[in-house]
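K.L.:
Okay, handing you the structure first.
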Amino acid sequence: MLDIKNLHVKLEEEDKEILKGVDLSVEAGKVHAIMGPNGSGKSTLSYVLSGRDGYVVTDGSATLEGADILSMDPEERAAAGLFLAFQYPVEIPGVGNMTFLRTAVNAQRKARGEDEISAADFLKLVREKAKELRMDQDMLKRPVNVGFSGGEKKRNEILQMAILQPRMCILDETDSGLDVDAMKLVADGVNALRDAGRGFLVITHYQRLLDHIVPDVVHIMSGGRIVQTGGPELARQVEEEGYGHLNEETA
Amino acid sequence: MATPTRVKQQALQAKHDALDARLAAMTMPAGGGWIASARNAALTRLRETGLPHKRDEYWKYTDPATLVQPEPVPAALLDDGGEAPVFGEIDRIKLVFVDGVFDSDKSDDPSLAGVEIERLEEASTRDIHWARDLYGTLEAQGQSPVRRPLATLNTAFATDGVLIRVTGKAEKPVSLIYLHKSDTSDAILHHCIKVESGAELTVLENGPAAARFNKVMEVDVAEGGTFHHVRAQGRDHERRAATHIFAQVAREATFKSFTLTANGVLTRNEVIVEFTGDDAVAHVAGACLGDGDFHHDDTVFVTHDAERCESRQVFKKVLRNGAIGVFQGKILVQPGAQKTDGYQISQSLLLDEDSQFLAKPELEIYADDVACSHGSTSGAIDEEGLFYLRSRGIPEGPATDLMTLAFLAEAIEEIDDAEIAADITARLEAWLARRRR
Ligand SMILES: Nc1ncnc2c1ncn2[C@@H]1O[C@H](COP(=O)(O)OP(=O)(O)OP(=O)(O)O)[C@@H](O)[C@H]1O
Ligand SMILES: [Mg+2]
């Protein structure tokens with residue numbers, strides 16, 4: 175589904191390489207987790223994949239179902255099925271959450287040559303998904319993320335994911351800022367979307383999220399590279415031992 | 002070397018030369034009675050001031066030359082591409098002016114319960130007391146502390162306009178529609194509106210009016226009265242306009258004015274509000290979308306001369322491709338105007354580096370127990386927000402539009418009527434979408 179090969183990325187503004195040859199493949203139907211120390215490049219990877227400005231790909235490739243996503247605009251990547259749940263969701267004053275969601279759904283449909291969703295169907299869909307995430311109607315009416323608590327913002331990301339139904343979902347520390355119950359809700363939201371045609375890349379620092387969203391594969395990123403790959407037990411090892419062991423192995 | 006006094010004298014001379022040249026090209030409308038004396042009084046005042054000049058402090062950011070010169074710069078008519086006119090779906094009494102001349106065939110029968118509507122041209126033949134007391138009066142009062150000679154010129158030479166007196170709650174808006182049919186038209190309209198105690202009226206205005214348009218509206222809102230004004234200035238890009246609204250707001254009265262402007266090589270909208278009674282409210286708002294050869298100037302002066310009055314000025318400008326936006330806004334709180342609540346915000350969204358926003362926000366306060374705030378900002382589109390929208394599949398154009406509408410929202414929220422606000426929003430969306438094509 176998502177194939178990243180030897181991806182090298184530097185900052186546009188300064189000559190600083192952040193990703194130093196990332197290799198990673200997420201198969202359809204699988205959940206991959208990425209863990210790794212602060213500043214190792216996890217968010218950078220998610221931003222580069224979703225098309226944020228400010229980075230220059232100096233080498234390597236990234237494809238989504240064979241299509242070169244790095245040459246696409248962010249909106250084209252979204253229409254192709256890529257979704258990033260942001261580590262820091264952005265507040266957009268003045269743009270209502272509902273307007274935003276409807277515009278996004280219809281823009282993606284249009285890009286895929288489908289008809290717009292009817293107002294009634296859209297409302298029904300949003301109400302249903304919001305209810306599952308225990309988001310009240312008031313949050314849907316408010317401007318996007320404005321005045322939302324940290325946890326509410328993260329739930330709003332998952333709401334968007336549930337509504338847009340992307341095929342490749344990247345979650346960047348969606349668990350941070352969530353209380354125990356909210357984490358369960360978010361995990362349920364993710365698990366509900368797990369199916370044979372969908373891939374997940376879950377970036378997290380904590381085993382706790384992975385208790386709920388059980389990964390098929392766990393990667394450790396350090397210094398802009400994937401330095402270790404294993405099964406769910408790797409996450410538990412990190413939880414217990416931290417990243418201290420990396421120094422010897424990657425030196 | 003020119004000494005400062007000499008420069009000043011030269012500037013003054015230029016203002017009077019400009020007036021002489023302009024007057025030579027004009028004739029005072031015929032007719033006697035009270036209106037003739039109001040016109041003559043205005044002409045006398047005008048002879049003292051001359052016409053505006055770019056060296057005037059008050060015209061620092063906007064060159065008045067084309068508004069002042071004897072003949073208007075020709076303005077091509079717009080092919081609107083069949084776009085439905087604004088306010089089209091709103092039930093209203095339509096009064097149509099073509100190049101500044103009232104057209105009764107195109108207009109509705111002006112009968113509306115609680116509202117008397119007269120044509121200015123017919124006014125001089127009859128002694129309409131309230132109009133006699135209002136015509137040129139608020140305009141003359143509004144000449145201090147700053148001179149506004151284009152308004153005085155208007156009082157002296159306006160050829161048409163309406164006189165509206167409201168004694169009840171008008172059940173629908175009066176809609177003034179200004180059509181532009183000649184590319185050299187030079188229109189001067191003067192409206193007087195008197196909202197009697199407890200009465201209510203909404204006035205809508207739209208249309209380019211003429212190649213050059215000079216319009217004055219004097220609005221007197223009596224105790225407990227309510228006046229709403231919503232205006233859309235769009236379409237013909239080459240038109241030039243100088244408009245003034247002079248409002249006097251009495252005890253517990255409400256005055257609210259909103260203007261949407263898109264297109265226009267030159268627009269100067271002045272709003273002058275004076276509170277004359279306690280506990281009154283006045284809001285003046287504007288949203289403008291400027292693209293390319295566009296110069297838009299909002300000049301607002303609110304005087305608090307009563308207690309516990311609330312004033313708001315909310316101006317938002319979206320500028321691109323070298324467009325220029327100007328805001329000069331003042332809140333003057335006179336001695337004794339205690340518990341004044343004054344708010345003023347002027348903001349621009351600059352979509353590129355060629356565009357400019359020139360702002361002069363001012364507070365002048367002579368009372369000690371007041372809450373006044375003002376702010377002015379200029380900024381580019383929020384790239385983080387834009388990326389967030391795009392990452393959800395919304396292409397750059399529509400995403401920019403969404404953020405642009407969001408930026409303008411605070412001004413549009415100043416329109417109380419939901420149906421009219423929706424109409425204005427729809428208009429904006431259509432304009433934004435059209436510009437992307
Ligand atoms: N725009 C930028 N300007 C300067 N440095 C940057 C920029 N973007 C990323 N970096 C640097 O790149 C490195 C990787 O950052 P990134 O946010 O990808 O880390 P991360 O693995 O997501 O960390 P965390 O676990 O703290 O979220 C950091 O050292 C960061 O400071
Ligand atoms: Mg991160």
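Chains P and V supply the protein sequences, listed in that same order. For the first sequence, this note's numbering assigns the number 425 to the last residue and increments by one with no breaks. For the second sequence, this note's numbering assigns the number 438 to the last residue and increments by one with no breaks. Heads up, the beta-carbon is just placed ideally off N, CA and C, and yes, glycines get one too.
Which residues mark the beginning and the end of the alpha helix (DSSP H) in which L367/P is found?
P.N.:
Per DSSP, L367/P belongs to the alpha helix (DSSP H) from V354 to L367.
K.L.:
Identify each residue in the stretch 207-237 of chain P for which the Cβ-Cβ distance to at least one residue of chain V is less than 8 Å, and report them in chain order.
P.N.:
Of all residues in the stretch 207-237 of chain P, S224, G225, R226 and D227 have a Cβ within less than 8 Å of some Cβ in chain V.
K.L.:
What does R241/V pair with, by DSSP beta-bridge criteria?
P.N.:
Answer is R213/V and L267/V.
K.L.:
Report all residues from its chain with a CB closer than 8 Å to the CB of H206/P; omit the five preceding and five following residues, and keep chain order.
P.N.:
Excluding sequence neighbours, H206/P sits near L198, V200, G373, F374, L375, V376, P389, D390, V391, V392 and H393.
K.L.:
I'd like the span of the beta strand (DSSP E) that includes R395/P, first residue to last.
P.N.:
Checking the sequence, you will find Met at residue 395/P rather than Arg. Its beta strand (DSSP E) spans residues V391 to S396.
K.L.:
Any idea which residues DSSP pairs Q329/V with across the strands?
P.N.:
Answer is T300/V and K361/V.
K.L.:
Please list, in chain order, all residues of the same chain as E423/P whose beta carbon is under 8 Å from its beta carbon, the five residues on each side excluded.
P.N.:
Because E423/P carries a pLDDT of 48, less than 50, the predicted location of this residue cannot be relied on, and no value is offered for it.
K.L.:
For ligand 1, I want to know if K216/P counts as a neighbour, meaning its beta carbon is within less than 7 Å of at least one of the ligand's heavy atoms.
P.N.:
The answer is yes for K216/P.
K.L.:
So what does DSSP say about Y380/P, is it helix, strand or coil?
P.N.:
DSSP places Y380/P in coil when its eight states are reduced to three.
K.L.:
Indicate whether the contact test is met: 3 or more Cβ pairs, each with one atom in the stretch 72-81 of chain V and one in the stretch 132-140 of chain V, closer than 8 Å.
P.N.:
Taking 8 Å as the limit for Cβ pairs, the verdict is that the stretch 132-140 of chain V does not touch the stretch 72-81 of chain V.
K.L.:
Beta-carbon within less than 6 Å of T227/V's beta-carbon, same chain only, minus the 5 sequence neighbours each way: which residues are those?
P.N.:
Result list for T227/V: E201 and T255, in chain order.
K.L.:
Taking R391/V as part of the alpha helix (DSSP H), name the residues at either end of that continuous run.
P.N.:
Residues E384 to S392.
K.L.:
Where do the N-terminal and C-terminal ends of the alpha helix (DSSP H) with D184/V fall, by residue?
P.N.:
It is not in any alpha helix (DSSP H) - D184/V carries neither H nor E in the DSSP assignment.
K.L.:
Look up F408/V in the DSSP assignment and say whether it is helix, strand or coil.
P.N.:
Three-state result, F408/V: helix.
K.L.:
Tell me whether Q14/V is buried or exposed, calling it buried when 16 or more other Cβ atoms sit within 10 Å of its Cβ.
P.N.:
Flag for Q14/V reads exposed.
K.L.:
Relative to ligand 1, is the shortest distance from any of its heavy atoms to the C-beta of L180/V smaller than 7 Å?
P.N.:
Incorrect: L180/V has no Cβ contact closer than 7 Å to ligand 1.
K.L.:
Output needed for I178/P: all residues of its chain with C-beta closer than 6 Å, excluding positions within five of it in sequence on either side, in chain order.
P.N.:
Around I178/P: V196, L198 and A236.
K.L.:
Kindly say whether F408/V, judged by its beta-carbon, lies nearer than 8 Å to any beta-carbon of chain P.
P.N.:
Closer than 8 Å: yes.
K.L.:
Can you tell me whether DSSP reads M209/P as helix, strand or coil?
P.N.:
In this structure, M209/P counts as strand in the three-state DSSP scheme.
K.L.:
Along the stretch 377-399 of chain V, what residues have a CB closer than 8 Å to any CB found in chain P?
P.N.:
So the close ones are D383, E384, E385, G386, F388, Y389, L390, R391, S392, R393, G394, I395, P396, E397 and P399.
K.L.:
By DSSP's criteria, L177/V is part of a beta bridge. Which residues make up the other side?
P.N.:
L96/V and E206/V, per the DSSP bridge assignment.
K.L.:
Would you decide whether L185/P is buried or exposed? Buried here means 16 or more other CB atoms lie within 10 Å of its CB.
P.N.:
Looking at its Cβ environment, which holds fewer than 16 other Cβ atoms inside 10 Å, L185/P is exposed.
K.L.:
Establish whether the CB of E407/P and some CB of chain V are separated by less than 8 Å.
P.N.:
Taking Cβ atoms only, chain V never reaches closer than 8 Å to E407/P, which makes this a no.
K.L.:
With 8 Å set as the bound, which would you pick, yes or no: does the beta-carbon of I266/P sit closer than that to a beta-carbon of chain C?
P.N.:
Here chain C cannot be found, since the structure's protein chains are P and V.
K.L.:
According to DSSP, is S224/P helix, strand or coil?
P.N.:
It is helical.
K.L.:
Roughly how many angstroms separate the alpha carbons of V220/V and V175/V, rounded to a whole number?
P.N.:
Distance between the alpha carbons of V220/V and V175/V: 14 Å.
K.L.:
Secondary structure at L320/V, three-state DSSP: helix, strand or coil?
P.N.:
Of the three classes helix, strand and coil, the one that applies to L320/V here is strand, per DSSP.
K.L.:
According to DSSP, I400/P sits in a beta bridge with which residue or residues?
P.N.:
Answer by DSSP bridge pairing, in chain order: M395/P.
K.L.:
Tell me, please, whether the stretch 81-88 of chain V touches the stretch 43-56 of chain V by the rule of three or more beta-carbon pairs shorter than 8 Å.
P.N.:
Result no; under three Cβ-Cβ pairs closer than 8 Å.
K.L.:
With 16 as the cutoff for other CB atoms within 10 Å, does R46/V come out buried or exposed?
P.N.:
Buried.
K.L.:
Going by the CB atoms, is the gap between T268/V and D298/V shorter than 8 Å?
P.N.:
Contact: yes.
K.L.:
Could you say which of D134/V, Q11/V, Y179/V and D342/V lies nearest to A368/V if we only look at CA atoms?
P.N.:
Of D134/V, Q11/V, Y179/V and D342/V, the residue nearest in Cα terms is D342/V.
K.L.:
Since G323/V contacts S349/V with CB under 8 Å, what's their CB separation in whole angstroms?
P.N.:
Between S349/V and G323/V the Cβ distance is about 13 Å, and since that is not below 8 Å, they are no contact.
K.L.:
Kindly identify the DSSP beta-bridge partner or partners of L345/P.
P.N.:
Beta-bridge pairing links L345/P to A259/P and V376/P.
K.L.:
Mind pulling the chain P residues with CB within less than 7 Å of L403/V?
P.N.:
Ordered by position in chain P, the residues that pass the 7 Å Cβ test against L403/V are V269 and T277.
K.L.:
Which residues bound the alpha helix (DSSP H) around D18/V?
P.N.:
Start and end: P5 to A25.
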